[in-house]
Amino acid sequence: MKQTLLALIVIAPLTLTLTGCVIAVGGEDGHSISGDFDDREYENRKKIAAIQLNTAFADVSRVMGVADFNETYFDDGKTVNVVYFRTHRLHKDGLTTKDECTKLVFVNNNLMAIEQGR
683 MKQTLLALIV IAPLTLTLTG CVIAVGGEDG HSISGDFDDR EYENRKKIAA
733 IQLNTAFADV SRVMGVADFN ETYFDDGKTV NVVYFRTHRL HKDGLTTKDE
783 CTKLVFVNNN LMAIEQGR
């Protein structure tokens, strides 16, 4: 009986203080999920603008980091590697799609084309 009464005396006030939980997406510094995408898109555009054609795949990877999407296939005996980096927003869904990316096309590990999505 004493243990039950003691447990109620301790637990009752604690349950009254646990009224809910709030998850904040944006911070006091003005950043939010959308702001983070904007920052990343701008940085990717700056980096891509500085890349020259015929640059080696390894050098571009060092500068750009991990791609949002990538594809590798063979075409007429050549290895084609296509990487996509988010550079602009078309959809307000918070997801990255290929049409929101700039695509870098490498043939035999050398950059041959830079194509912006729609």
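Residue numbers (my numbering): 683 to 800.
Cβ coordinates follow ideal geometry from the N, Cα and C atoms, glycine included.
Predicted model, so just to flag it, every value in this text is computed and none were measured.
In the DSSP assignment, ASP758 falls outside any beta strand (DSSP E) and carries neither an H nor an E. Secondary structure at LYS785: strand, using DSSP grouped into helix, strand and coil.
A contact is defined here as three or more CB-CB pairs under 8 Å, and the region 724 to 738 meets this definition with respect to the region 762 to 771.
Judged by DSSP secondary structure, ALA740 falls within the alpha helix (DSSP H) whose first and last residues are 739 to 746.
With respect to the 9 Å criterion, LEU793 and LEU735 are classified as neighbours on the basis of their beta carbons. Under the three-state reduction of DSSP, ASN726 is assigned to helix. In this structure, PHE751 lies near CYS783, with their beta-carbon atoms less than 9 Å apart.
Leaving aside the five residues that flank ASN790 on each side, the residues in its chain whose CB is nearer than 6 Å to its CB run, in chain order, LYS760 and THR761.
By DSSP's assignment, ALA795 forms a beta bridge with VAL787.
Sixteen is the threshold: when 16 or more other Cβ atoms of the shown chains lie within 10 Å of the Cβ of VAL765, as they do, the residue is buried.
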